[in-house]
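Okay, structure first, notes after.
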Amino acid sequence: MSRLNVETVDKNGTFLGSMWESRTNVATVLLEAGLAKMQTSFGADMIVEAHILEQAERTAKNQKLNIWENYVEGQETLNRSTTVETRQKETLKVVVTEVLGGGRFYVQSVGDQRIASFQNQLASLSVKDAPIIGSFKPQKR
Numbered sequence: 777m778s779r780l781n782v783e784t785v786d787k788n789g790t791f792l793g794s795m796w797e798s799r800t801n802v803a804t805v806l807l808e809a810g811l812a813k814m815q816t817s818f819g820a821d822m823i824v825e826a827h828i829l830e831q832a833e834r835t836a837k838n839q840k841l842n843i844w845e846n847y848v849e850g851q852e853t854l855n856r857s858t859t860v861e862t863r864q865k866e867t868l869k870v871v872v873t874e875v876l877g878g879g880r881f882y883v884q885s886v887g888d889q890r891i892a893s894f895q896n897q898l899a900s901l902s903v904k905d906a907p908i909i910g911s912f913k914p915q916k917r
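Residue numbers (the numbering used here): 777 to 917.
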């Protein structure tokens, strides 16, 4: 299950937080693989696990992974081509399923076929198949 924790909202209304898949912080995985760069312009003190994220980025830099393949200590130039990159934005349709408070909430992907299958199975259940109330008699041993 994916979880999005919103730690704060900046003055422009941008949510700052972390995304978790099971018990794994997605940012840590991306940073360790050299697929992301930490953005601290809003202040690293606003990131709950900043030290862990910084260590993950340092590991990728030291191993020269992906975006850090041409990294030289002290220089902040990334491996960029001279051609203009076109970045595609990924839009994900979700439904907020639960609001926990404190800026934390759960979402469900609208196009997830597993969820649709589960909902169909639930819809096919019949009330007449349910046990009669009071028919279950627990026994002490």
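Idealized CB from N, CA, C, for every residue including glycine.
Only a predicted model underlies this, so the values are computations on that prediction, with no experimental measurement involved.
Around the beta carbon of ILE908, a 10 Å sphere encloses fewer than 16 other beta carbons of the protein chains shown; the residue is thus reported as exposed.
ALA803 counts as buried, since at least 16 other C-beta atoms from the protein chains shown sit within 10 angstroms of its C-beta. By alpha-carbon distance to ARG779, the top candidate from GLY850, GLY793, ALA826 is GLY793.
In the DSSP assignment, ARG880 falls within the unbroken beta strand (DSSP E) covering 880-885. For SER794, the beta-bridge partners assigned by DSSP are ASN781. Between ARG890 and VAL782 a beta carbon distance of about 26 Å is seen, past the 8 Å cut, so the two are scored as non-contacting. Burial state of GLU833 is buried, judged by a 10 Å Cβ sphere holding 16 or more other Cβ atoms. Rounded to the nearest whole angstrom, the C-alpha separation of GLN831 and GLN815 is 14 Å.
Counting C-beta atoms within 10 angstroms of its own C-beta, LEU876 has fewer than 16 neighbours from the protein chains shown and is therefore classed as exposed.
With 16 or more other Cβ atoms from the protein chains shown falling within 10 Å of its own Cβ, GLY810 counts as buried. Cβ contact annotation for GLU808 (same chain, cutoff 7 Å, sequence separation greater than five): ALA832, THR835, ALA836, in chain order. Among the bridge pairs identified by DSSP, GLU874 is matched with TYR882. Per DSSP, the beta-bridge partners of THR800 are GLU797.
VAL886 is positioned such that its CB atom lies closer than 8 Å to that of VAL870.
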